[in-house]
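Accompanying notes for the structure given below.
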Amino acid sequence: MTEIFKFTSGALILLGAFLSLVSALGIIRLPDVYTRNHAASKSLTLGIMSLLLGTFIYVYIEHGYFNSRILLGIVFIFMTAPVAGHLISRAAYNTGVKVWGKNGEDDLEESRNREASHSSDEK
Amino acid sequence: MAFQLLLNVLLAFVWMFLEGEYTGSAFVIGYFLGLWIVFGFRRFFHSRFYLLRVFAAVNLIFIFIKEMILSNIAVLKVILKPRLDIKPGIFALETELEKDWEITILANLITLTPGTLVVDVSPDNKTLYIHAMDISDKEEAIRNIKGTFEKAIMEVSR
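Sequence order for the protein chains is U and R.
UniProt numbering applies: residue 1 is where the first sequence begins, and numbers increase by one.
UniProt numbering applies: residue 1 is where the second sequence begins, and numbers increase by one.
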């Protein structure tokens, strides 16, 4: 039983390392802020989560020590990662970064333009 | 919801005093017995039996983990493919959710699933603007979000 859990935790840690590696690759490879943000804020979240989970299982099985701080770490990453990703992309959009690609579809730009014309009409 | 929970905790404490045992296990036993009483009296509360909401929340978490793993694989494929043939773009998603916290949770869930990222929310809280890695299957993404996340969140808040 212990062996199975050891292998599980090893597999989880390797998976987390792999996911982190791939998201690092993604940050280098992908073309613009938004797509890089995809790689950074999410594949990485799952990667870190599986790393922490693997560590948690290992410490619990091997040393019988229930480390609640690791679980707290998972919860906090879960809560803060999307907020950070959202804020970065929003800031990028507001400073005028265009969507990558020849004819990148952009519904937000249309609605912003509509609002701008509305407010200028009112003036 | 809050009232039922409070009543349940109160019943657990009553059980603890009746038993004369002030331990964690007595509290848990009292809580479960109190749960039965609250369940029996569920017709007399204004809101639904609160455990249903807890189940809905757990269900939401499971749906979310499943979606996250599936779409992580999708993003991995995009990154590791030798040729970049993605077509990013921003699309609008009309949401039926109304309360602030529901929209916050929906936006967080959408952002956490790879492939989609919330860029902005319209000032009237009706539309979410989502940046997608691959906009060619936009309809599919909209249907997916509407069908799973939004429904699950509604189930919790109902």
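Backbone N, C-alpha and C define an ideal beta-carbon position, used for all residues, glycine too.
Contact check, residue i vs residue j, beta carbons under 8 Å
{"i": "histidine 38 of chain U", "j": "methionine 133 of chain R", "result": "yes"}
{"i": "glycine 47 of chain U", "j": "serine 89 of chain U", "result": "no"}
{"i": "isoleucine 131 of chain R", "j": "isoleucine 90 of chain R", "result": "It is worth fixing the name first, because residue 131 of chain R is histidine in this sequence and not isoleucine. A contact, by the Cβ cut-off of 8 Å."}
{"i": "leucine 117 of chain R", "j": "isoleucine 153 of chain R", "result": "no"}
{"i": "tyrosine 34 of chain U", "j": "valine 83 of chain U", "result": "no"}
{"i": "isoleucine 57 of chain U", "j": "phenylalanine 5 of chain U", "result": "yes"}
{"i": "serine 157 of chain R", "j": "lysine 99 of chain R", "result": "yes"}
{"i": "leucine 128 of chain R", "j": "alanine 141 of chain R", "result": "no"}
{"i": "glutamate 155 of chain R", "j": "alanine 74 of chain R", "result": "no"}
{"i": "lysine 29 of chain R", "j": "leucine 11 of chain R", "result": "It is worth fixing the name first, because residue 29 of chain R is isoleucine in this sequence and not lysine. No, the Cβ-Cβ distance between isoleucine 29 of chain R and leucine 11 of chain R is not below 8 Å."}
{"i": "lysine 126 of chain R", "j": "threonine 95 of chain R", "result": "yes"}
{"i": "phenylalanine 27 of chain R", "j": "phenylalanine 39 of chain R", "result": "no"}
{"i": "valine 85 of chain U", "j": "leucine 52 of chain U", "result": "Just to set this straight, residue 85 of chain U is glycine in the shown sequence, not valine. Not in contact: glycine 85 of chain U and leucine 52 of chain U (Cβ atoms no closer than 8 Å)."}
{"i": "arginine 53 of chain R", "j": "methionine 16 of chain R", "result": "no"}
{"i": "glycine 54 of chain U", "j": "serine 111 of chain U", "result": "no"}
{"i": "alanine 81 of chain U", "j": "threonine 45 of chain U", "result": "yes"}
Exposure label - residue i; buried when at least 16 CB within 10 Å
{"i": "alanine 11 of chain U", "result": "exposed"}
{"i": "asparagine 59 of chain R", "result": "exposed"}
{"i": "valine 75 of chain U", "result": "exposed"}
{"i": "asparagine 8 of chain R", "result": "buried"}
{"i": "threonine 111 of chain R", "result": "buried"}
{"i": "leucine 18 of chain R", "result": "exposed"}
{"i": "glycine 147 of chain R", "result": "exposed"}
{"i": "phenylalanine 149 of chain R", "result": "buried"}
{"i": "methionine 49 of chain U", "result": "buried"}
{"i": "leucine 109 of chain R", "result": "buried"}
{"i": "phenylalanine 42 of chain U", "result": "Residue identity check: residue 42 of chain U is lysine in the sequence provided, not phenylalanine. Its Cβ being crowded by 16 or more others within 10 Å, lysine 42 of chain U is buried."}
{"i": "leucine 84 of chain R", "result": "exposed"}
{"i": "asparagine 94 of chain U", "result": "exposed"}
{"i": "asparagine 113 of chain U", "result": "exposed"}
{"i": "valine 22 of chain U", "result": "buried"}
{"i": "leucine 87 of chain U", "result": "exposed"}
{"i": "threonine 2 of chain U", "result": "exposed"}
{"i": "leucine 80 of chain R", "result": "exposed"}
{"i": "residue 201 of chain U", "result": "Nothing in the structure corresponds to residue 201 of chain U, since chain U is present only between 1 and 123."}
{"i": "leucine 93 of chain R", "result": "buried"}
{"i": "arginine 143 of chain R", "result": "exposed"}
Range covered by the alpha helix (DSSP H) that runs through residue i
{"i": "threonine 104 of chain R", "result": "100-112"}
{"i": "histidine 131 of chain R", "result": "Taken as a continuous stretch (DSSP letters only), histidine 131 of chain R belongs to no alpha helix (DSSP H), being part of the beta strand (DSSP E) at 127-132."}
{"i": "glutamate 3 of chain U", "result": "2-29"}
{"i": "leucine 53 of chain U", "result": "44-63"}
{"i": "histidine 86 of chain U", "result": "68-94"}
{"i": "phenylalanine 35 of chain U", "result": "Looking at the sequence shown, residue 35 of chain U is not phenylalanine but threonine. 33-38 is the span of the alpha helix (DSSP H), which, as asked, contains threonine 35 of chain U."}
{"i": "glycine 40 of chain R", "result": "24-40"}
{"i": "arginine 53 of chain R", "result": "50-80"}
{"i": "glutamate 139 of chain R", "result": "138-145"}
{"i": "residue 177 of chain R", "result": "Outside the shown range of chain R (1 to 158) lies residue 177 of chain R, about which nothing can therefore be said."}
{"i": "glutamate 19 of chain R", "result": "2-19"}
{"i": "glutamate 155 of chain R", "result": "151-157"}
Enclosing beta strand (DSSP E) for residue i [first to last residue]
{"i": "glycine 89 of chain R", "result": "89-94"}
{"i": "threonine 116 of chain R", "result": "116-121"}
Inset, instruction - Report the residues of the segment 32-47 of chain U with a CB closer than 8 Å to any CB of chain R, ordered along the chain. - result: Only Asp32, Tyr34, Thr35, Asn37, His38, Ala39, Ser41, Lys42, Ser43, Thr45 and Leu46 from the segment 32-47 of chain U bring a Cβ to less than 8 Å from some Cβ of chain R.
Inset, instruction - Answer yes if the segment 69-83 of chain U comes into contact with the segment 21-35 of chain U, meaning at least three C-beta pairs across the two stretches below 8 Å, and no otherwise. - result: Verdict: no, contact absent.
Inset, instruction - Could you please tell me which residues of the segment 80-91 of chain U, in chain order, have their CB closer than 8 Å to any CB of chain R? - result: Going along the segment 80-91 of chain U in chain order, one finds Ala81, Pro82, Val83, Gly85, His86, Ser89 and Arg90 with a Cβ nearer than 8 Å to chain R.
Inset, instruction - Anything in the segment 58-85 of chain R with a Cβ closer than 9 Å to a Cβ of chain U? List those residues in chain order, please. - result: Of all residues in the segment 58-85 of chain R, Met68, Ile69, Ser71, Asn72, Val75, Leu76, Val78, Ile79, Leu80 and Leu84 have a Cβ within less than 9 Å of some Cβ in chain U.
Inset, instruction - Take every Cβ of the segment 17-31 of chain R, pair it with every Cβ of the segment 64-78 of chain R, and state whether three or more of those distances are shorter than 8 Å. - result: Contact between the segment 17-31 of chain R and the segment 64-78 of chain R is absent, because fewer than three Cβ pairs lie under 8 Å.
Inset, instruction - Determine which residues of the segment 117-140 of chain R have a Cβ less than 7 Å from any Cβ of chain U, and write them out in chain order. - result: Listed by position, the residues of the segment 117-140 of chain R near chain U (Cβ gap below 7 Å) are Leu117, Val118, Val119, Asp120, Ser122, Tyr129, His131, Met133 and Ile135.
Legend entry - chain R contacts made by the segment 3-26 of chain U, where a contact means CB separation under 8 Å: Per Cβ criterion, the list reads Leu19, Val22, Ser23, Leu25 and Gly26.
Inset, instruction - Scan the segment 84-104 of chain R for residues whose Cβ lies nearer than 8 Å to a Cβ of chain U and list them as they occur along the chain. - result: Interface annotation for the segment 84-104 of chain R against chain U: Leu84, Ile86, Lys87, Pro88, Gly89, Ile90, Phe91 and Ala92, criterion Cβ-Cβ distance under 8 Å.
Inset, instruction - Compile a chain-ordered list of the residues in the segment 31-55 of chain R whose CB is closer than 9 Å to at least one CB of chain U. - result: So the list is empty, because no residue satisfies the distance condition.
Legend entry - Interfacial residues, the segment 48-72 of chain U to chain R, with Cβ spacing under 8 Å: Of all residues in the segment 48-72 of chain U, none has a C-beta nearer than 8 Å to a C-beta of chain R.
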